[in-house]
């Protein structure tokens, strides 16, 4: 899909960030990622990355953050003053903390860190998450052969990101993809990724007029949704991260219709 | 210029399901054209103004005396050197950045030169009726879903093909693929060949054919008709000047005639049998 609600400038910035992440990933020593897959834990929904010991190279992590800051500043010089203090704040101890908190989506920690140091709220988590992803992606690459399915409601089996994106491949195989770590796994065509509901009467598809290759699959049981994109129709296939970004209008539509990126468990007596 | 794309049709993978025809109708919003039985499983004799691709069904006696049941997805070839574009007096037919050949209905006057000059007989005129009840005609044919290409999507027929008989991609890659496929199937189809006729500068639909082109009713070596070249490159520029001259004469005559008729009908003008 060429048309996107996301501006060309932001798309290009994201492309640059993805290129940086790809380069960083290449520079990670593959031996620093040591999986110890506990089948029982994984079948209970624990993300594989949480069961993996990753020897982070902290100086490399800090260097990456500086590179992101340089890219953001180059892209928008106005950010220079807002990002200038980050470099001085980021010592080894903070970097380790950032990695841990980014891994567990602790936005409360990042919000308070920002407030404490007079930074705009988005900055710490954005930087930490961007620099963490190459490690997650390399972990996913290493574990991909083990990843066949996910536990409903547990999100990505590698990094735990809420499941929200699927692509159609081959004869219509639905492949769930994680825009964060780029892991992928198969799922049934009519099945809610959040609650496992596979009752065809309680799964609906929302489509957008003029958007021939996208669907929003919504679950009437848990009110969760995922985006299903038929990338077989595309002239060139974007990465899961770009696809997720460029189809953000589907998230808006789904959420406006009352559906959620994470399904809710309805209590029944 | 955007990447030059080619639709690669491997007829030996086609199972004749006709989903490409349905997908085309669906995407391009073309009405159904019910047909009488034509004596074979083929639905329409050839492409029409409302049926932009037709699945050919051919029972062919091969060199061993056996009958081969051959299928071919037939549609506009989107020639690199397109006769239709050459002959169009209104410049209504043009090439896009993708290499596809498209008709601008705003400019088309329905003269039918493109229909007569297409070496593959894929263009047809459609009759429309305007709000005054007047009839007019416009040329129609496959657009290679240029509107989809502009959106970054593949043509509708390609995306629906379930056997993988059609692919859409970079020109060089597709031609290479076609050549490799011919090598693979030579045992089964000794006459197999890549059909990408150079007489029209190559086409943007490249086939792997199981048999000689003539078996499929295709010209062995299609060319842009010499008359078309003469028309476009030599006669038309002069012709436009001539049209200019005759137009002036006609306009002149019209003014004169109006004056004359006014004089003749002078009484009526004063007569006031109008309803105003």
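Residue numbers (the working numbering), protein chains in the order written: chain A, 108 to 376; chain B, 487 to 762. Note that CB positions come from ideal geometry on N, CA and C, so glycine has one too.
| task | Work out the CA separation of residue 548/B and residue 698/B for me, nearest whole Å. | result | Within the model, the alpha-carbon separation for residue 698/B versus residue 548/B is close to 11 angstroms.
| message | Could you pull the DSSP bridge partners for residue 244/A from this structure? | response | According to DSSP, which records beta bridges pairwise, residue 244/A is partnered with nothing at all.
| query | Which value, in whole angstroms, describes the spacing of the CA atoms of residue 496/B and residue 710/B? | reply | Here the alpha carbon of residue 496/B sits roughly 25 angstroms from the alpha carbon of residue 710/B.
| query | Taking the alpha-carbon positions, what's the residue 152/A to residue 701/B distance? | reply | Taking the straight line from one Cα to the other gives about 60 angstroms.
| message | Give me the DSSP bridge partner(s) of residue 296/A. | response | Residue pairing for residue 296/A: DSSP places it in no beta bridge.
| said: Once DSSP output is grouped into helix, strand and coil, what is the label at residue 203/A? | reply: Helix, per DSSP.
| query | Which residues of chain A have a Cβ atom closer than 8 angstroms to the Cβ of residue 648/B, listed in chain order? | reply | Around residue 648/B, the beta-carbon contacts reaching into chain A at under 8 angstroms are 278.
| said: For residue 501/B, count the other beta carbons within 10 Å of its own beta carbon; 16 or more makes it buried, fewer makes it exposed. Which is it? | reply: By the 16-neighbour rule on beta-carbons within 10 angstroms, residue 501/B is exposed.
| task | Taking residue 645/B as the query, report the chain A residues whose CB atoms sit under 7 angstroms from its CB, ordered along the chain. | result | 339, 340, listed in chain order.
| task | Identify whether residue 630/B lies in helix, strand or coil by the three-state DSSP scheme. | result | DSSP places residue 630/B outside both helix and strand once states are collapsed to three, so it counts as coil.
| query | For residue 357/A, does the three-state DSSP call read helix, strand or coil? | reply | Helix at residue 357/A.
| field | Interface flag, residue 504/B vs chain A, CB-CB below 9 angstroms | value | With 9 angstroms as the cut-off, residue 504/B does not count as an interface residue toward chain A.
| Complete beta strand (DSSP E) runs within the stretch 288-349 of chain A (minimum length 3 residues, chain order) | The beta strand (DSSP E) runs lying completely inside the stretch 288-349 of chain A and spanning 3 residues or more are 291-294, 310-313, 321-326, 332-336, given in chain order.
| said: Quick check on this structure: which residue in 590/B, 654/B, 600/B has the alpha carbon closest to the alpha carbon of residue 570/B? | reply: Of 590/B, 654/B, 600/B, the residue nearest in Cα terms is 600/B.
| task | Count the other CB atoms, across all protein chains shown, that sit within 10 Å of the CB of residue 333/A; report buried if there are 16 or more and exposed otherwise. | result | By the neighbour-count rule (16 or more Cβ atoms within 10 Å), residue 333/A is buried.
| field | Closer than 9 angstroms at the beta carbon, the chain A residues around residue 640/B | value | Residues of chain A whose Cβ lies closer than 9 angstroms to the Cβ of residue 640/B are, in chain order, 339, 340, 341, 342.
| Between the CA atoms of residue 560/B and residue 507/B - distance to the nearest angstrom | Straight across, the Cα-Cα distance linking residue 507/B with residue 560/B is about 10 angstroms.
| request: Return no unless some Cβ of chain A is closer than 9 angstroms to the Cβ of residue 687/B. | output: Residue 687/B does not count as touching chain A.
| request: With 8 angstroms as the limit, tell me which residues of the stretch 288-322 of chain A have their beta carbon closer than that to any beta carbon of chain B; keep them in chain order. | output: 319, 320: these are the residues of the stretch 288-322 of chain A whose beta carbon lies less than 8 angstroms from some beta carbon of chain B, given in chain order.
| message | I'd like to confirm the pairing. Which residues does DSSP put opposite residue 565/B in its beta bridges? | response | Residue 565/B is bridged to 689/B.
| chain A beta carbons: is any one of them nearer than 9 angstroms to that of residue 741/B? | Unreliable positioning characterises residue 741/B in this predicted model, as indicated by a pLDDT of 49, which lies under 50. The coordinate reading is nonetheless provided below. By the rule that beta-carbons nearer than 9 angstroms mark a contact, residue 741/B does not touch chain A.
| query | Secondary structure at residue 273/A, three-state DSSP: helix, strand or coil? | reply | Residue 273/A sits in a strand when the DSSP states are folded into three classes.
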